[in-house]
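To convert, take the position in the sequence shown, counting from 1, and add 1298; that gives this note's numbering.
Glycine included, C-beta positions come from ideal geometry on N, C-alpha and C.
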Amino acid sequence: IPEMQRWKIVNISYNFTENKEEVAFSYGVTSPNAYARLMMNSDGFLKLFTWNPTTSDWNLFWLLSAEECNIYPSCNPTYTYCDMNKTPRCNCIQGFEPGKDRFDNSFTECLRKTQLSCRGDGFFMLTKVKLPNTFGAVVDKRIGLKECEERCINNCNCTAFANTNLEDGGSGCVMWTRELNDIRTFVDA
1299 IPEMQRWKIV
1309 NISYNFTENK
1319 EEVAFSYGVT
1329 SPNAYARLMM
1339 NSDGFLKLFT
1349 WNPTTSDWNL
1359 FWLLSAEECN
1369 IYPSCNPTYT
1379 YCDMNKTPRC
1389 NCIQGFEPGK
1399 DRFDNSFTEC
1409 LRKTQLSCRG
1419 DGFFMLTKVK
1429 LPNTFGAVVD
1439 KRIGLKECEE
1449 RCINNCNCTA
1459 FANTNLEDGG
1469 SGCVMWTREL
1479 NDIRTFVDA
């Protein structure tokens, strides 16, 4: 999440763990004098608080709201993205188009504009988006984006690829071999 880059200024680091036993997100405080808590309220807001020793109180540092695009699945058809700044908020990703008429600002499916041939196919770059649901995705943290793209192009079932770590120019590889869903746009923080 792009907004999490701000966490570094309050001595909070976060980590994505992926191995044979688990896939997990964790965060930790990097200074022994700093305290933080991450809390999900019943109202659907994810909040990060930091402790202020001067006032002896918890201060809200970061907030992720329960806007429609943050609720899973925000857009039901596959190959769609959610954008709270557009009407309708759900739209087909580049290279796809609505397959049927829209009903109440939604549609039933997104269809490829050009069918895949597994020869000469390519990818559109999507920027400032949350990665799709990783169900069925394959992760290899040992390779970079260029090799990731080559592997994806050589796999006729590959639908998308990305870096697993976006810091320091990016590293690692995640490839999707199923339909893409739960994509949303991010705004600049």
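Exercise. Looking only at its own chain, which residues have a Cβ that is under 7 Å from the Cβ of Arg1410, when we skip the five neighbours before and after it?
Worked result: Taking the sequence shown and counting its residues from 1, the one referred to as residue 1410 is at position 112. Gly1393 and Phe1394, listed in sequence order.
For this session: Using alpha carbons as the reference points, say which of Gly1418, Pro1351 and Ala1322 lies closest to Pro1330.
Result: In the sequence shown, counting from the first residue as 1, residue 1330 sits at position 32. Pro1330 has its Cα closest to that of Pro1351, out of Gly1418, Pro1351 and Ala1322.
Exercise. Starting from Ile1451 and walking both ways along the alpha helix (DSSP H), at which residues does that stretch end?
Worked result: Position 153 of the sequence shown, counted from the first residue, corresponds to residue 1451. First-last of the alpha helix (DSSP H) with Ile1451: Leu1443 to Ile1451.
Exercise. Going by the beta-carbon positions, is the gap between Lys1439 and Gly1470 smaller than 8 Å?
Worked result: Reading the sequence shown from its first residue, position 141 is the one you call residue 1439. Reading the sequence shown from its first residue, position 172 is the one you call residue 1470. Against a cut-off of 8 Å, the Cβ pair of Gly1470 and Lys1439 comes out as a contact.
For this session: Name, in chain order, the residues that DSSP records as bridge partners for Ile1310.
Result: For this step, residue 1310 is matched to residue 12 along the sequence shown. DSSP output for Ile1310 lists Val1327 as bridge partner(s).
Exercise. Do the CB positions of Leu1362 and Phe1343 come within less than 8 Å of each other?
Worked result: Taking the first residue of the sequence shown as position 1, residue 1362 is located at position 64. Taking the first residue of the sequence shown as position 1, residue 1343 is located at position 45. The answer is yes: Cβ separation under 8 Å.
Exercise. Quick one, which of Val1485, Gly1442, Leu1424 and Trp1349 has its alpha-carbon nearest Ala1458's?
Worked result: Within the sequence shown, residue 1458 is the residue found at index 160, counting from 1. Answer by Cα proximity: Leu1424.
For this session: Name the two residues that bound the continuous beta strand (DSSP E) containing Ile1481.
Result: Numbered from its first residue, the sequence shown carries residue 1481 at position 183. Here the beta strand (DSSP E) through Ile1481 covers Ile1481 to Thr1483.
Exercise. Since Ala1332 is in the beta strand (DSSP E), which residue starts that stretch and which ends it?
Worked result: Along the sequence shown, read from residue 1 onward, the residue named residue 1332 stands at position 34. That residue, Ala1332, is in no beta strand (DSSP E); it is neither H nor E in DSSP.
Problem set entry | Which residues DSSP lists as bridging Glu1395, in chain order | Indexing the sequence shown from 1 puts residue 1395 at position 97. Glu1395 pairs with Leu1409.
Exercise. Grouping DSSP H, G and I as helix and E and B as strand, with all else coil, what is Asn1383?
Worked result: Position 85 of the sequence shown holds residue 1383. Of the three classes helix, strand and coil, the one that applies to Asn1383 here is coil, per DSSP.
Problem set entry | Residue from Asp1355, Cys1390, Tyr1377 and Met1382 with nearest C-alpha to Thr1475 | Locating residue 1475 in the sequence shown gives position 177, where the first residue counts as 1. Looking at the Cα atoms, Tyr1377 is the closest of the given residues.
Problem set entry | Short Cβ contact (8 Å threshold) for Pro1430 with Ile1369 | Here residue 1430 refers to the residue found at position 132 of the sequence shown. Here residue 1369 refers to the residue found at position 71 of the sequence shown. Going by C-beta atoms, Pro1430 is not nearer than 8 Å to Ile1369.
Problem set entry | Spatial neighbours of Gly1397 in its chain, beta-carbon cut-off 6 Å, leaving aside the 5 residues before and after | For the purposes of this step, residue 1397 is taken as residue 99 along the sequence shown, with counting starting at 1. Correct list, in chain order: Glu1407 and Leu1409.
Exercise. At which residues does the beta strand (DSSP E) containing Thr1376 begin and terminate?
Worked result: Position 78 of the sequence shown, counted from the first residue, corresponds to residue 1376. From DSSP, Thr1376 is part of no beta strand (DSSP E); its letter is neither H nor E.
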